[in-house]
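So the sequences go chain by chain: R and P. To convert, note that position 151 of the first sequence is 151 in UniProt numbering; the numbers rise steadily by one, no gaps. To convert, note that position 445 of the second sequence is 445 in UniProt numbering; the numbers rise steadily by one, no gaps. Glycine residues also receive a C-beta, built at the ideal position from the N, C-alpha and C atoms.
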Amino acid sequence: MDNMQFDLLTLLPEMVVLAMAMFILLLDLFILPQNRFIIYGLSQFTLFAAAFFTFKTHTPAVGFAFNHMFIDDTLADVIKLMMYLGTSLIFVYTRKYLQDRNLYRGEFYAMVLFGLLGMMIMVSGHSMLTIYMGLELLSLCLYSLVAFDRDNKQASEAAMKYFVLGALASGMLLYGMSMLYGMTGSLDVADIANSIMQHQGKSPVMIMGLVFVVAGIAFKFGAVPFQMWVPDVYQGAPTPMTLIIGSVPKLAAYAMTVRLLVQGLHPLAQDWQDMMLLMAVLSIVIGNFSAIVQTNLKRMLAYSTISHVGFIMFGFMSANANGFASSFFYISTYVLMSIAGFGIILLLSRQGFEAEQIDDLKGLNQKNPWIAFLMLIIMFSMAGIPPTVGFYAKFTVLQAAWQAGFTWAVVSAVLMAVIGAFYYLNIVRKMYFDAPVGSQVAITAPMDMRFILSVHALGLLGLGLFPESLLGVCGRSLLMSLQ
Amino acid sequence: MTIKQILMLIPLLPLMAAAVVGIFRNYLPRTLAHVLTIAGVAASCALSVYVFNQTLNGFSLNESVYTWLNSGDIHFEVGFLIDNLSAMMMVVVTFVSLMVHIYTIGYMEEDPGYSRFFSYISLFTFSMLMLVMSNNFMQLFFGWEAVGLVSYLLIGFWFTRPTAIYANLKAFLVNRVGDFGFLLGIGMVLYYFGSLDYATVFQRAPELANTQVNLLGNTSWSLMTVTCLLLFVGAMGKSAQVPLHVWLPDSMEGPTPISALIHAATMVTAGIFMVARMSPLYELSTTALSTVMVIGAITALFMGFLGIIQNDIKRVVAYSTLSQLGYMTVALGASAYSVAIFHLMTHAFFKALLFLGAGSVIMGMHHDQDIRNMGNLKKYLPITWITSLIGSLALIGTPFFAGFYSKDSIIEAVELSHIPGSGFAYFAVIVGVFVTAFYSFRLYFLVFHGKEKWRQPHQTQDAHLNATDNAKHDTQEDSHAHDDHTHDDAHHHGLGPNDDPHEPGWVVTLPLILLAIPSFIIGYIAIEPMLFGTFFNNVIFVNAESHPAMAHLAHHYHEMMHSPAGMAMHGLTSLPFALAASGVLLSWFFYMKRPDIPAAIKQRCNLIYQVLENKYGFDSFNEKFFANGSRYLGKLLWQFGDITLIDGAMVNGTARVMGKIAARVRHLQSGLIYHYAFAMIIGVFLFMTFFIKIN
């Protein structure tokens, strides 16, 4: 504790988000419902300000705060910037839906911003305690967001399941952390790594700790066998909440994995590599097979998330910088794709109608060819068909695993990707070749949402044509942090 | 303008005209369509005449103008080989093409596809010129396929008629067979000679004359024989030699002008031209020459028989074309390449004339093609009558007419040839003379003389019965396989009993007259230089030692006849003339004097009649064996290979398995929270056991 650092400047973005979230919570009490756009504007402004400060305070050097409990490195900054972007898109896409269902309230924005704060802390956590704190902040926000529409039975059930299972997972994570602390005598990830290196020891307790930590991480990701909550919560939660759960928090989970496993438990890589392998293959297999038979779009996307998580784990199990970078690339494209996918569902929904059955997309091309085309790009990207960015995501991940020697796993993943292509292309087929059902109803979404969604989906194509830009950012930022 | 530029222009002018008219056919007025294409072909014809004149004065050229691509040591080039042979072909092609262009203005007057038709025939002219001007196998093959393509397009020109579609499909498929052999032959040339250039190949040919190659396992074959035979398979397809002749009669489904241009005068003679061009190769294989001769003889004789029983005016002429192509092929087999080319040229004129005359008759008869409904047309179509008479006389080989010189030379050359098969070939061509005379004048008498039969109660009923009768014999399943589709489409109006046929306008009669002139005199003019002069020196090679027929022929000519007139006088006393005259007389007697006799013969000799009616069963054999065979094979592969194995077991099987797995997997998700928690705990437990125990 002798060289205590207390540089609040490193925490500037977090403080902005915290202050603004509390301010919005308070302000909402005094604002008339018809003026709620002020809250919306303030939330977007918060994200902008946080991005501004993150960008401004960024230095290539690594900064610490709170006695090394908080780290501010390039990886953290890049992930945070991605989170702001993702959250901002979420705000744009969900506004209309919330307005239609009387959920357009200040608490929503405050809650999302608090969740964001939790994620930022996770990303910058350099101590197991910080990481856990951030995780809990995020999780509590997400539980309550799922239950936000409190009269909705389905949503309440989903929230309950999420809460109970989440608590169980949190408990496991904390239990694992306590074991690691007991064995190494430190909460700091760097110290833990050093301690394991020095003692060379791989005692059973250490492995047990590792297993529990991995279980906690896997729960956050939704990897098999900790995936059970995913489909029920995705389907049960109101679509905006599904969108929130399914997108940005995955970035936080990625950061948490990097901090805990890569930076903290790297000496045990051989063990968690095998766990990752097992979970990756199981996730891809079970995710894809289950997705085939789904009729609910949100549930299908939930299973598709599980299979995407499997691919992300492929990068981790390579256990080298190349693999981590490819995972990072995969997860950032995944976040973009899933926000866009749920964005389309939100776009097609209107008052009293949820466009969440796959059959609701039938004949979309005849009703609205442009949206059908956007959905086509998104589905192609999720299936990993060139020239969309989804192809490069899968390609880099599998390439990394191939180079690391996981031949049969890569082969099976490719086969599974073919099966996965079925349910994505099934949606394309329904949109383009089936006759529309029901009467034609005009899309009521506001212009800004339609425009941004169009740019967003086309961006998946653009990134696929020029994957180097994003790939480069991912690779460089990761390398700078792992040095 | 340099000669090279002129040579470039000759094929390119028709191509440009074809492209402009073809692409803008919906925007250009009809007049412009024919003005443009005729201008292109006329200019090309004039330039060809100029080039021909140059080559007569000793000009020749063998040069590549464009390298398409290089692959290792092999160069794919576009080049011109201009000598007397190609220059003469260019003149014949462009001249006949020009005539047909002009004629088309009248023939296609009311057709909605007017501009398209002009575009096609100009494209054809380009393709044929590329073929004959080529100095390498690659370009030869290009021209070969391009003329095939246009032929296909034109046979199916009236693409709404099922019969036309059937005919062009048939032409396409049969030509595939020929082209397959041709391509293999070119492959042999490329592989063993290492070049596609004519000059290089011919230069190396003597070195390789005795080379044996191992094909089909380890059997040894003479390289030259195999190559020549494979190339000849291509010629058989294009020049409609038995057994690949079946497409030509059906090609009459196309409009008459193209029957004249493509299926009589030019394209079908491409095979003859090609073999003559390859004379340095063919001379090295007597086996190949014998085969060529026998195939030609079979075609010449047996296709002639079929002409006797046809009632469709165009089909009679078509069978006579087949027979004459057989004559040319026989001449090739006898190493009398120059005679074959000579006959090719005279035939181009008089056969184009006959076809265009037939077209004129068809127009006069309001698109009724059944000769049994015609008669005494000389009164109404005088120009057509005179020109057709000239054409027929030329065809049967009347002395002084063009056909006489070429055909008599063929017969003599075969007589003087001693390679295996020449005895049969001589018999065939001699009998063929009689047959040719008989069916040609049967047609002539029935059409231009006798009673005006369209005024009588129509034969339609009878023809209909006949047609259905034919259909029964022809094939069981394909009703469109029969030939007599005289009444099966809207185009055939026929003439009412009280109508008079009228001679079409000058655009039709002018080409007839312009073609009648060479049909009459070209033999007289050309025989001495072409057969016995130096015209084909350095172009066509004959190994005079082993194949002396041509040398003997020249000797004979100079000894006995001295001049073309002398040859004609001598011809009056020869066996072929006697046979031709008796053929004419017999047909006059049968069809003018005693029409009951042919009917009686038809009754008596029903078996022979049926054989001829079924065209020796080639069509039904192809239909049953090849068509059904490949259909069964396809069905087998489809049913078993595709549906059962690939679709059933592999594709749908995989999908079924996936579906089953998916249906199982979904049950993992029970919706009960304690199941979920249990799964998590089990997962952690398994992981712990696994990693602590194993590692």
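| Item | Value |
| --- | --- |
| Can you find a CB in chain R that lies within less than 9 Å of the CB of residue 649 of chain P? | no |
| Starting from residue 669 of chain P, find everything on chain R with Cβ-Cβ shorter than 8 Å and list it in chain order. | 228, 231, 232 and 290 |
| Quick one: which chain R residues come within Cβ less than 7 Å of residue 665 of chain P? | 286, 289 and 290 |
| So what's residue 366 of chain P in DSSP terms, helix, strand or just coil? | coil |
| If you scan the region 153 to 218 of chain P from start to end, which runs of the beta strand (DSSP E) of 3 or more residues do you find wholly inside it? | 212 to 215 |
| Could you tell me whether any Cβ in chain R is nearer than 9 Å to the Cβ of residue 653 of chain P? | no |
| Hey, would you say residue 290 of chain R sits closer than 9 Å to residue 666 of chain P, going by beta carbons? | yes |
| Kindly give me the distance between the Cβ atoms of residue 511 of chain P and residue 99 of chain P, rounded to whole angstroms, as I take these residues to be in contact under 8 Å. | 4 Å |
| Where are the alpha helix (DSSP H) runs, 4 residues long or more, that stay fully inside the region 150 to 201 of chain R, in chain order? | 153 to 184 and 189 to 199 |
| Let me know the secondary structure DSSP gives residue 82 of chain P once reduced to three states. | strand |
| Restricting to runs no shorter than 4 residues, where is the alpha helix (DSSP H) found entirely within the region 100 to 141 of chain R? | 106 to 124 |
| Can you check the region 384 to 467 of chain P for any beta strand (DSSP E) of at least 3 residues that lies completely inside it and give the ranges in chain order? | none |
| May I ask which residues mark the beginning and end of the alpha helix (DSSP H) holding residue 606 of chain P? | 606 to 613 |
| So with CB distances below 7 Å, who are the chain R contacts of residue 684 of chain P? | 172, 211, 212 and 215 |
| May I ask you to report which of helix, strand or coil DSSP gives residue 2 of chain R? | Note that residue 2 of chain R scores 41 on pLDDT, short of 50, meaning its location in the model is unreliable; the coordinates nonetheless yield the value given after this. Of the three classes helix, strand and coil, the one that applies to residue 2 of chain R here is coil, per DSSP. |
| Buried or exposed for residue 679 of chain P, please, with buried defined as at least 16 other CB atoms from any protein chain shown within 10 angstroms of its CB. | buried |
| With DSSP collapsed to three states, give me the class of residue 357 of chain R. | strand |
| Could you tell me whether any Cβ in chain R is nearer than 9 Å to the Cβ of residue 646 of chain P? | no |
| Would you please state the rounded distance, in angstroms, between the beta carbons of residue 205 of chain P and residue 261 of chain P? I believe it to be under 8 Å. | Going by Cβ atoms, the distance from residue 205 of chain P to residue 261 of chain P rounds to 33 Å, so no, they are not a contact pair. |
| Less than 9 Å separating the beta-carbons of residue 14 of chain P and residue 125 of chain P? | yes |
| Between the Cα of residue 530 of chain P and those of P:241, P:369 and P:344, spot the shortest distance and give me the residue it belongs to. | P:344 |
| Can you round the beta-carbon distance between residue 326 of chain P and residue 580 of chain P to whole angstroms, since I take them to be within the 8 Å contact cut? | Between residue 580 of chain P and residue 326 of chain P the Cβ distance is about 17 Å, and since that is not below 8 Å, they are no contact. |
| Tell me the residue span of the beta strand (DSSP E) that contains residue 62 of chain P. | 61 to 71 |
| Figure out for me which residue from P:633, P:522, P:687 and P:193 has the closest Cα to the Cα of residue 73 of chain P. | P:193 |
| Just to make sure I have the definition right: I need the residues of chain P whose C-beta is within less than 8 Å of the C-beta of residue 164 of chain R. Which are they? | 673 and 677 |
| Which residues mark the beginning and the end of the alpha helix (DSSP H) in which residue 284 of chain R is found? | 269 to 292 |
| Roughly how many angstroms separate the alpha carbons of residue 459 of chain R and residue 442 of chain R, rounded to a whole number? | 25 Å |
| Per DSSP, residue 77 of chain P forms a beta bridge with which residues? | P:67 |
| Could you compute how far the alpha carbon of residue 468 of chain R sits from the alpha carbon of residue 321 of chain R? | 17 Å |
| For a contact defined as C-beta to C-beta under 8 Å, what are the partners of residue 275 of chain R on chain P? | 687 and 691 |
| Quick check: residue 278 of chain P and residue 413 of chain P, are their CB atoms within less than 9 Å of each other? | no |
| Judging by CA-CA distance, which residue of P:136, P:147, P:358 and P:216 is the nearest neighbour of residue 172 of chain P? | P:147 |
| Does chain R have any CB closer than 9 Å to the CB of residue 128 of chain P? | no |
| Chain P partners of residue 208 of chain R, CB-CB under 8 Å? | 688 and 692 |
| Under 7 Å between beta-carbons, which chain R residues line up against residue 662 of chain P? List them in chain order, please. | 289, 290, 292 and 293 |
| When we look at the beta-carbon of residue 212 of chain P and count the other beta-carbons within 10 Å, is it buried (16 or more) or exposed? | exposed |
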